[in-house]
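**Student:** Residue numbers (this note's numbering), protein chains in the order written: chain A, 1196 to 1398; chain B, 1196 to 1398; chain C, 11 to 284.
C-beta atoms are modelled at their ideal positions from N, C-alpha and C, and glycine is treated no differently.
Dropping the structure in here first, questions after.
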Amino acid sequence: MSTNETKRAIEAVVMAAIEPVEPQFLAQLTETPVDDIEALCTELMAEYERDGRGFALARVAGGYRYQTHPDMAAYIERFVLEGQSARLSGPALETLAIIAYKQPVSRAQLAAIRGVSVESTIATLIQRGYVAEIGHDPGPGQAILYGTTVRFLEQMGVDSLDSLPPLAEFVPDASVVEALERGLRLRAEDIPTDESEPDAIPE
Amino acid sequence: MSTNETKRAIEAVVMAAIEPVEPQFLAQLTETPVDDIEALCTELMAEYERDGRGFALARVAGGYRYQTHPDMAAYIERFVLEGQSARLSGPALETLAIIAYKQPVSRAQLAAIRGVSVESTIATLIQRGYVAEIGHDPGPGQAILYGTTVRFLEQMGVDSLDSLPPLAEFVPDASVVEALERGLRLRAEDIPTDESEPDAIPE
Amino acid sequence: MSYDVRTPVYEGPFELLLHLILKEEVDIWDVSISEVIDRFMVEVEKLDRVDLNVATEFLLIASTLIELKVRRLLPGAEMIELDEELLRFEERDLLLARLLECKTFKDAAKVLQGMLRRGAKVVSRSAGPEEPFRSLSPDPLARVTPAQLAAAAIRGLTPPAPAPEVDLFHVAPIRISVREAADAVLLTLNHTRPVNFRTLVAGIDDRIEVIVRFLAVLELYKQGIVDLDQVETFGDLTVRRFEIAESELDLVAMEDWESAVARLDADADAVPAQ
């Protein structure tokens, strides 16, 4: 791959990333030595500075990320205070709500319930500090399990998860129950009491 | 504020945003006429393209956003891995097309055009966030009316519904109409006679 | 056209009909009725699941086709009245229009698919502002109440395929009940002078309303309030009110019709107007 192509790939990947991207990851992705990645990133930083861009490529703990240029702080402050960046999308809120009520829950379970990939939604929720990894599924997959944080409770203004409104008479559909059970060793209280339905218990 | 300063501010703000930023908002933040904002954004787009950046500034869903350059899709695919949600089925796409062009539209109207029940395809489209309930029919039935969402525009990468190709482009051409007419003709006399159009007679 | 690489699985009757006519070049009229049905059934059997709505639509299309074909084969076709002839063209044109509409959106869907595919090749920036700006922004959850969270949970946990709902849409066109229709008929028939049924339904465009009015006339006949006469088969139906009704108008009996009308209307909903 040409140097130019590698630079473009770095730009694209860092632009798409929510968290800083490790140079090792960029090296692996572009099949380029890490030292070259670092050199190319330094070049990019210089280019943006030279071109007087309003953003910058920064080396922070954990890797590279795009951020706003310090000169533009005044605009960003006003922009951020306006709250445009402070909206939780409908899908994100729904995923958060499922995690809140059904924790601990794995990414695969969430994807099965939501019917779509939840990668970026979970990343956003973790970044916001509402959700955290709270353990691993003891089953073969050792899937990461997610749950809500203390910060989540604070922001919702409730003391504990028990203080969230109950989902009333809402009974999830069998497919949702199945999705929740699949791939997760069940906690005792989750095991369906109806023993006559062995199908509901995951293999 | 100098033109250059405005451009930098646009770059910084759009970089910090999580959804497309309306030009009106950029105009307000930088105290610059909207027309100038649009012109500057167009300049920025051209600069990134000229410099062969791995990202692009795009006009989507009524605003500006940074996104990865389409040429970099291979790296992004590897990067987001499971991030790509499953493709839509043919029926779901066709229902989506009808909603996109005929909105607001009720389930009954959709079913009439599709010739089948659209329950589950609408549910899929809503879950994907492409379609939402956008109102109720004022008539006696108070039927729910559906329309496309901002997310749909974002996913399509278009600025507004007006940017979709006009439906007229898809109206079947004469040969298809003729084939259908031939297939559905009522009686032998309906077939054009030799003198007029010999091609129309089926073998 | 490389579109149809998969085993054709039809989402609906229009799609199937499109396929039969455009791809297999079946001339619905040149083949025998049994062959039309056979081909139709072969395709229908390929459906991997039977959806009652779909099955009904298939039946409807199949019967429309057969009806059109049978009419053509019937002896004495030359003697068909002009408006009946026109009606037949109207039916054909309706089917044609629906097929064209189906094809139009099928093609539009392909373009949308391409656009969505291209759209999926880019990832938009969603990292948001970095610190310290991030902490400046109002917390999005601060505006969410616990009740809204619970509502979001229910939305999120509701499976994609909803339980079939009773769609009241089809109820809308019904503006008149048999009972009301009977009142309207009696109002027109306030003399014993016979009135042509056509007169009784003059100005009514909705097919269902015409049928409801006809049902009302039948009920009034049954109750001995009006007399019916038809001089020749398919001739005009005349309705005449008895000078002295054989009985009082039985309102309860009228109500029995309403469920039948509701069914009728539901059927009509399967054949949407235009």
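1) In angstroms, rounded to a whole number, what distance separates the CA positions of R108(C) and E1242(B)?
2) Would you mind stating whether E1206(A) and G1257(A) have Cβ atoms separated by less than 8 Å?
3) Counting beta carbon pairs with one atom in the region 219-227 of chain C and one in the region 188-195 of chain C, are three or more of them shorter than 8 Å?
4) Consider the Cβ of P1228(A): report whether some Cβ of chain C lies at a distance smaller than 8 Å.
5) Return the Cβ separation of V1209(B) and Y1261(B) in integer angstroms, given the expectation that the two are a contact with Cβ distance under 8 Å.
6) How would you write the range of the beta strand (DSSP E) that L1252(B) sits in, first residue to last?
7) Report yes or no: do three or more beta-carbon pairs, one from the region 1267-1276 of chain A and one from the region 1327-1336 of chain A, lie closer than 8 Å?
8) Could you tell me the distance, in whole angstroms, from the CA atom of L1359(B) to the CA atom of F1250(A)?
9) Below 8 Å CB to CB, which residues in the same chain sit around N200(C) once its five sequence neighbours on both sides are set aside?
10) Any beta-carbon of chain B closer than 8 Å to the one on L109(C)?
11) So, with DSSP's three-state summary, where would you put R108(C)?
12) With C-beta atoms as the reference, is G1310(B) less than 8 Å away from C112(C)?
13) Mind listing the chain B neighbours of L1340(A)? Cutoff is C-beta to C-beta under 9 Å, in chain order.
14) If you run the structure through DSSP and keep just helix, strand and coil, what is G245(C)?
15) Show which residues of chain A have a CB atom less than 8 Å away from the CB atom of F1250(B).
16) Report the residue from T209(C), L167(C), P142(C) and F207(C) whose alpha carbon sits nearest the alpha carbon of T1263(A).
17) If we ignore side chains and look at the alpha-carbon of each, how far apart do D1357(B) and V1255(B) end up?
18) Decide if the region 149-160 of chain C is in contact with the region 1286-1294 of chain B; the criterion is three or more beta carbon pairs, one per stretch, under 8 Å apart.
19) Would you list, in chain order, the members of the region 1236-1270 of chain B that have their beta-carbon closer than 7 Å to a beta-carbon of chain C?
20) Could you pull the DSSP bridge partners for T1263(B) from this structure?
21) If you compare alpha carbons, which of H1331(A), P1286(A), K1297(A) and G1330(A) is closest to E1314(A)?
22) Use the C-beta contact count for Y1325(A): other C-beta atoms within 10 angstroms, 16 or more gives buried, fewer gives exposed.
23) Going by the C-beta, is P1228(B) closer than 7 Å to any heavy atom of the ligand HEM?
24) Note down the Cα distance separating D1246(B) from A1204(B), rounded to an integer number of angstroms.
25) For V236(C), tell me which candidate among A162(C), L122(C), P204(C) and H29(C) has the shortest Cα-Cα distance.
26) Mind checking whether D246(C) and R208(C) have CB atoms under 8 Å apart?
27) Mind checking if L1356(B) is an interface residue toward chain A, Cβ cutoff 8 Å exclusive?
28) Note down, in chain order, each residue of its chain lying with its Cβ closer than 6 Å to the Cβ of V211(C), except the 5 sequence neighbours on either side.
29) Relative to the alpha-carbon of L1252(B), which residue among S134(C), D149(C) and E140(C) has its alpha-carbon at the smallest distance?
30) What residues from chain C crowd round L1291(B), counting only those whose CB sits closer than 8 Å?
31) Decide if A1212(A) is buried, meaning its Cβ has at least 16 other Cβ atoms within 10 Å, or exposed.
32) If you count every other CB in all the chains shown that lies within 10 Å of the CB of V1216(A), and 16 or more means buried, which is it?
33) Sort A1295(A), G1330(A), A1303(A) and I1308(A) by Cα distance to L1320(A) and report the nearest one.
34) Under 6 Å Cβ to Cβ from Q1350(B), same chain only, skipping five residues before and after it: list those, please.
35) Counting contacts by CB-CB distance shorter than 8 Å, is A1369(B) in contact with chain C?
36) Please report how far the alpha carbon of I184(C) lies from the alpha carbon of Q1322(A), in whole angstroms.
**Tutor:** By the coordinates alone:
1) One C-alpha to the other measures close to 48 Å.
2) No Cβ-Cβ contact shorter than 8 Å links E1206(A) with G1257(A).
3) As far as the Cβ criterion goes, the region 188-195 of chain C touches the region 219-227 of chain C, which means the pair count is three or higher.
4) P1228(A) is outside the set of residues whose beta carbon lies under 8 Å from a beta carbon in chain C.
5) Correct: roughly 6 Å between the Cβ atoms.
6) Counting along the chain, the beta strand (DSSP E) containing L1252(B) begins and ends at F1250 to V1255.
7) Inter-segment contact for the region 1267-1276 of chain A and the region 1327-1336 of chain A is absent: fewer than three beta-carbon pairs are separated by less than 8 Å.
8) The straight-line gap separating the alpha-carbon atoms of L1359(B) and F1250(A) is approximately 32 Å.
9) In chain order, R251 place their CB closer than 8 Å to the CB of N200(C), counting only its own chain and leaving out the 5 sequence neighbours on each side.
10) Chain B, which has a Cβ nearer than 8 Å to the Cβ of L109(C), makes this yes.
11) Judged by DSSP in its simplified three-state form, R108(C) adopts helix.
12) Taking a C-beta distance under 8 Å as the contact criterion, G1310(B) and C112(C) qualify as a contact pair.
13) Those within 9 Å of L1340(A) in chain B number zero; the least Cβ separation is about 17 Å.
14) Look at G245(C) here: in three-state DSSP terms it is coil, with no helix or strand label.
15) Those are E1206, A1207 and M1210, listed as they occur along chain A.
16) With distances taken between Cα atoms, T1263(A) lies closest to P142(C).
17) C-alpha of D1357(B) to C-alpha of V1255(B): approximately 12 Å in a straight line.
18) No, the region 149-160 of chain C is not in contact with the region 1286-1294 of chain B.
19) Those residues of the region 1236-1270 of chain B that come within reach of chain C (Cβ to Cβ, closer than 7 Å) are R1260, Y1261, Q1262, T1263, P1265 and A1268.
20) Answer is F1250(B).
21) Checking every option, the nearest Cα to that of E1314(A) belongs to P1286(A).
22) When all chains shown are included, Y1325(A) counts as buried.
23) Absence of the ligand HEM is noted for the structure shown, with no ligands found whatsoever.
24) Their Cα atoms are separated by approximately 20 Å.
25) Checked all of A162(C), L122(C), P204(C) and H29(C); the closest Cα to V236(C) is P204(C).
26) It is a contact, given that the beta carbons lie within the stated cut-off.
27) In terms of beta-carbon proximity, L1356(B) stays away from the interface with chain A, with every pair separated by 8 Å or more.
28) In the same chain as V211(C), and ignoring 5 residues on each side of it, the C-beta atoms closer than 6 Å to its own belong to V220 and R223, in chain order.
29) Residue S134(C) is the option with its Cα nearest to L1252(B).
30) Ordered by position in chain C, the residues that pass the 8 Å Cβ test against L1291(B) are A119 and L122.
31) Burial state of A1212(A) is buried, judged by a 10 Å Cβ sphere holding 16 or more other Cβ atoms.
32) Classification of V1216(A): buried, given that the 10 Å Cβ count is 16 or more.
33) Per the Cα distances, A1295(A).
34) Its chain contains no residue whose beta carbon lies nearer than 6 Å to that of Q1350(B) once the 5 sequence neighbours on both sides are disregarded.
35) The beta carbon of A1369(B) does not come within 8 Å of any beta carbon belonging to chain C, so the residue lies off that interface.
36) Caution is warranted here: a pLDDT of 41 is assigned to I184(C), below 50, making its placement in the model unreliable, and the coordinate value is therefore given only provisionally. Cα-Cα distance, rounded: 55 Å.
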